[in-house]
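Residue numbers (the numbering used here): 96 to 169.
Don't be surprised by glycine CBs; every beta carbon is placed ideally from N, CA and C.
Rendered as structure tokens:
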């Protein structure tokens, strides 16, 4: 199972819920593995607006109703 024993952010929990891997997110967003890993595990990390846009575009392929507010304090 994904995410067992890891600290997860809202995006990390979303990935776990939908059974989506971080690698999928890396491929869809063209963000670095370290960036995606940090987004999924570091609750203090605040990504740039361009990064959020890339993430939301990928997330909406699976959940068209997802909003950036669901994942980030904006």
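Can you say whether residue 127 is buried or exposed, counting buried as having 16 or more other CB atoms within 10 angstroms of its CB?
Residue numbering aside, residue 127 sits at position 32 when the chain shown is read from its first letter. Counting Cβ neighbours within 10 Å, residue 127 comes out exposed, since fewer than 16 surround it.
Can you confirm whether the segment 117-124 touches the segment 141-157 when touching is taken to mean that 3 or more C-beta pairs between the two stretches lie within less than 8 angstroms?
yes
Out of 108, 142, 111 and 155, which one is the CA nearest neighbour of residue 169?
Position 74 of the chain shown, counted from the start, is the residue given in the question as residue 169. The option with the nearest alpha carbon to residue 169 is 142.
Please name the residue in 164, 134 and 162 whose C-alpha comes closest to that of residue 101.
Numbered from its first residue, the chain shown carries residue 101 at position 6. Comparing Cα-Cα distances from residue 101 to each of 164, 134 and 162, the minimum goes to 134.
Cα separation between residue 172 and residue 154?
With the chain running from 96 to 169 in the structure shown, residue 172 is simply not present.
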